[in-house]
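Visitor: Chains as they are written, first to last, in my numbering: chain A, 5 to 405; chain P, 42 to 367.
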Amino acid sequence: MGATQLPTPGINGTGLDLQSPAGGASSDPAADMIQLLGPDGKLGTDPVFSDYAKRLEPEQLRGFYADMAKVRRFDQEATALQRQGELALWVPLTGQEAAQIGSGRATQRQDYIFPTYREHGVALTRDVDLAELLKLFRGISNGGWDPTENNFHLYTLVLAAQTLHSVGYAMGIQRDQKSAEANGSNDPKAAVVAYFGDGASSEGDVHESMVFAASYNAPVVFFCQNNHWAISVPTEVQTKVPLFNRAKGYGFPGIRVDGNDVIAVHAVTEWALEHAREGRGPVLIEAYTYRVGAHTTADDPTKYRESAEEQAWRGKDPLDRLEKYLRNEGLADEAFFEQVRVDGDKLAAHVRSTTQNLKGPNFRESFTGVYAEPHPLVAEELAWFEEYSAGFEGDHEDGGK
Amino acid sequence: MTTMTIAKAINEGLRASLTNNPKSLLMGEDIGPLGGVYRVTDGLIRDFGADRVVDTPLAESGIVGTAIGLALRGYRPICEIQFDGFVFPGFNQITTQLAKMHSRSGGKLTVPVVIRIPYGGGIGSIEHHSESPEALFAHTAGLRIITPSNAHDAYWMIQQAVDCTDPVIFFEPKRRYWLKGEVDTENPGPASDPFQAHVLREGSDATIVAYGPLVPVALAAAAAAEEDGHSIEVIDLRSISPIDFDTVTASVKKTGRLIVAHEAPTFGGIGGEIAARISERAFLHLEAPVIRVGGFHMPYPVAKVEEDYLPDIDKILEALDRSLAY
């Protein structure tokens, strides 16, 4: 099957059945879910997506593992930094590595990514220095990196707001491509990935973004990580139908993929991005995964869910199954896994030392960033603050405020 | 010089922006073939096409949110919100995203989005069609808010809003859409700075500050007061954020008395902000407390009684009398 073709509706097991009634999905999520690499580490087949998996070189598969292991190690380090008082808060991603690395590695440089606030794995795939992510959680920046450098937007904390930004950005890409084509340009086509979660799926902005994306056939992939918990509220409270089914209501394909299967996530996202880049409109991907840890370091999952559930999901761990596959197939040896551990520790050390050496922000910068053009009120208030601060000079050994 | 209505002046200003800036585009509900419910975008889709004059789904958060995305891609979207009272589904995007994006990014990102909002009452309409929510936006750092009161300003200020690197809320005085005035499309003249207040009438006994739809009312009140022997200065604020306090302060230092008039409720309104600032800047020059003339602390009333609600010549004159009596 050619990569540019829409998979035939109704293929069993593709999750692309556009004909079945909404809500008609089986209560067994696996029935509608694309899975290639099972928890046992065995590679299955899919009529559409196996072709994508076959394209993967051993080097890429090892890379997926290394990425997932790195970001998990990073997650542990950031959690430790929070516990040690170096961060105000941390938002752990453990359990969602495959969903993030698989999708992020399917993007190309010209694509633009709008994350929510847990997309540390996607950030890694976009070559963002992960230490930069911690500025937000250390309270020294509301952003932290230059989004234009890696086409990786700032974390958006107001849930789902970025899904609309994604569609608008995609509408801009459409216009750019139209004029580029008119000028005979051969620049690679681009698409946008909008990340959000099962909780955010209830926000009105997700609905509006899907309406706009469908109306304008915008090149955007909606990537929903269904990690089963919006802080303490389970997905069942957010939706009565499998989330991927909602795409039908907007008139574009929806796919549920095993979010702990990095190979399937990569395949499905690659397909969706090709679909979008080639002008065939948006796609919704629901990555079925699980937030193994707490919502944030301020959360306590023991108050709202059973540890048995967590244990069950640990049995579906994304790293374990890829490790099994790599070992069984002889694609990676002990030296490789040892190197991954060493690289993880190196990253953790880099993140720790960078974070501890991050200089506190200068309050004056808060004034200069409000407007891009000069603003008399901001200038007046900054002048007042300078004068006020000057009054304290010499009061402290460090020269005052 | 050409004579045109404020609606036509905005239309011509938008046409000029679309012509001069290939990255600018209009988006909103019914702005295409219909030309908007007030026909402000009349004829533009015909001349610029559906990629630049975009009829959107009926969703204000969607309009503002996608405009932010377009701006991040390098475009300059000009959004039309159909009526003042319908901006609130987009309020989240305006206040949490549009206003903060530049600051959040440490100055690396800019979002030059313009949001046009027809505002104010006096048109005998139904609920949500007559409101003046400017203070809600003025309280949000990161936004600029301007409002023209005449056709010449309207023509230039909409273009200046499009050219501005910061997001701009452009409030259009809807009951003055059909007010005609002379427009110099070659030269902005005194309208070259959209954030500067204009002294429209000089006087020595008291100052009236107004903006948007109440500017003609303030001028009429000043003319009426003159018949009683009072010399009244009238300032058209033009910009609500930032406010040109220098012009207002200079006027109050001269007259010693200040009346601020707006349709929005006085409580928590722009008039209170001006009163507080002027009391700091010109306390020893004030002969009377700053007096506000504005809406009451109630939802905008039904059309049959809106005349009682709205500031008019008599209410401004009454405020002047109180001020002059000190």
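Positions of the beta carbon are idealized from the N, C-alpha and C atoms, including for glycine. All values derive from a computational prediction rather than experimental measurement.
Closer than 8 Å, CB to CB, is ARG109(A) near chain P or not?
Guide: no
Visitor: May I have the straight-line CA-CA distance separating SER393(A) from ASN366(A), to the nearest angstrom?
Guide: Per the coordinates, the alpha-carbon of SER393(A) lies some 13 Å from the alpha-carbon of ASN366(A).
Visitor: Does the beta carbon of VAL241(A) come closer than 8 Å to any beta carbon on chain P?
Guide: no
Visitor: So, does the CB of GLY14(A) fall closer than 8 Å to a CB anywhere in chain P?
Guide: Note on GLY14(A): pLDDT 37, under 50, position unreliable in the model; no value is reported.
Visitor: Under the DSSP definition of a beta bridge, which residues are partnered with HIS239(P)?
Guide: ASP277(P)
Visitor: Rounding to the nearest angstrom, what Cα-Cα distance links ARG279(P) and TYR341(P) in this structure?
Guide: Going from the Cα of ARG279(P) to the Cα of TYR341(P) covers about 23 Å.
Visitor: What residue does the beta strand (DSSP E) around ASN230(A) start on, and which one ends it?
Guide: 224-230
Visitor: What residues of chain A sit near LEU113(P), judged by a beta carbon separation below 7 Å?
Guide: HIS169 and TYR173
Visitor: In the DSSP assignment, the alpha helix (DSSP H) including LEU134(A) goes from what residue to what residue?
Guide: 134-142
Visitor: Buried or exposed: which applies to LEU325(P), given that a residue is buried once 16 or more other Cβ atoms fall within 10 Å of its Cβ?
Guide: exposed
Visitor: Take the Cβ of ASN332(A) as the centre, count every other Cβ of all protein chains shown within 10 Å, and call the residue buried at 16 or more, exposed below.
Guide: exposed
Visitor: Between LEU22(A) and chain P, is any beta-carbon pair separated by less than 8 Å?
Guide: Confidence at LEU22(A) is low in this model, with a pLDDT of 41, below 50, so the placement of that residue should be treated as unreliable; the coordinate-derived value is given next. By this cut-off, LEU22(A) is not an interface position.
Visitor: Please return the same chain residues whose Cβ sits closer than 7 Å to the Cβ of LEU247(A), not counting the five positions on each side in sequence.
Guide: ASP202, SER205, CYS228, ASN230 and GLU290
Visitor: Classify ASP96(P) as helix, strand or coil using the three-state DSSP reduction.
Guide: Residue state, collapsed to three classes: strand.
Visitor: Which residues bound the alpha helix (DSSP H) around ILE105(A)?
Guide: 101-108
Visitor: Hey, how far is the Cα of PHE396(A) from the Cα of ARG142(A)?
Guide: 27 Å
Visitor: Beta carbon of PRO151(A), beta carbon of LYS221(P): below 8 Å?
Guide: no
Visitor: Under 8 Å, CB to CB, which of the residues in the stretch 289-307 of chain A have a partner in chain D?
Guide: Within the model displayed, chain D is absent; protein chains A and P are what it includes.
Visitor: Have a look at ALA84(A) and ASP88(P) and give me their C-alpha separation to the nearest angstrom.
Guide: Rounded to the nearest angstrom, the gap between the Cα atoms of ALA84(A) and ASP88(P) is 60 Å.
Visitor: I'd like to know if CYS205(P) contacts chain A, where contact means its C-beta is closer than 8 Å to some C-beta of that chain.
Guide: yes
Visitor: What distance in whole Å lies between the Cβ atoms of LEU140(A) and LEU351(A), which are believed to be in contact at a cut-off of 8 Å?
Guide: About 18 Å separates the two Cβ atoms, so there is no contact after all.
Visitor: Roughly how many angstroms lie between the CA atoms of VAL272(A) and ASP55(A), to the nearest whole one?
Guide: Rounded to the nearest whole angstrom, the C-alpha separation of VAL272(A) and ASP55(A) is 11 Å.
Visitor: Between GLU212(A) and chain P, is any beta-carbon pair separated by less than 8 Å?
Guide: Yes, contact with chain P.
Visitor: At which residue ranges does the stretch 122-192 of chain P contain complete alpha helix (DSSP H) runs of 4 or more residues, listed in the order of the chain?
Guide: For the stretch 122-192 of chain P, the full-length alpha helix (DSSP H) segments reaching 4 residues or more read 142-145 and 175-179 along the chain.
Visitor: Measuring only between beta-carbons, confirm whether LYS149(P) sits less than 8 Å from chain A.
Guide: yes
Visitor: Which residues bound the alpha helix (DSSP H) around GLY348(A)?
Guide: Going by DSSP, GLY348(A) is part of the alpha helix (DSSP H) stretching over 338-361.
Visitor: If you follow the alpha helix (DSSP H) that SER364(P) is in, where does it begin and where does it stop?
Guide: 354-366
Visitor: What are the partner residues of MET339(P), as DSSP defines its beta bridges?
Guide: Answer by DSSP bridge pairing: none, since MET339(P) is not bridged.
Visitor: Counting C-beta neighbours from all protein chains within 10 Å, is the total for ALA29(A) 16 or more, i.e. buried, or is it exposed?
Guide: Bear in mind that the predicted position of ALA29(A) carries a pLDDT of just 43, short of 50, making it too unreliable to give a figure here.
Visitor: What residues of chain A sit near ALA202(P), judged by a beta carbon separation below 7 Å?
Guide: By Cβ distance, chain A contributes nothing, its closest Cβ being about 12 Å from ALA202(P), past 7 Å.
Visitor: If we ignore side chains and look at the alpha-carbon of each, how far apart do THR167(A) and ALA82(A) end up?
Guide: Linking THR167(A) to ALA82(A) through their CA atoms gives a straight-line distance of about 27 Å.
Visitor: To the nearest angstrom, report how far apart ARG66(A) and ARG113(A) are at their CA atoms.
Guide: 21 Å
Visitor: Quick test of your reading: PHE127(P) and HIS180(P), contact by CB under 8 Å. State the CB separation rounded to the nearest angstrom.
Guide: Contact flag wrong, Cβ pair sits at about 20 Å.
Visitor: Nearest to PRO159(P) by alpha carbon, out of LEU365(P), THR82(P), GLU359(P) and MET42(P)?
Guide: THR82(P)
Visitor: From the beta carbon of ARG59(A), is the nearest beta carbon of chain P less than 8 Å away?
Guide: no
Visitor: HIS232(A) and THR239(A): beta carbons closer than 8 Å?
Guide: Their beta carbons are under 8 Å apart, which means HIS232(A) touches THR239(A) by this criterion.
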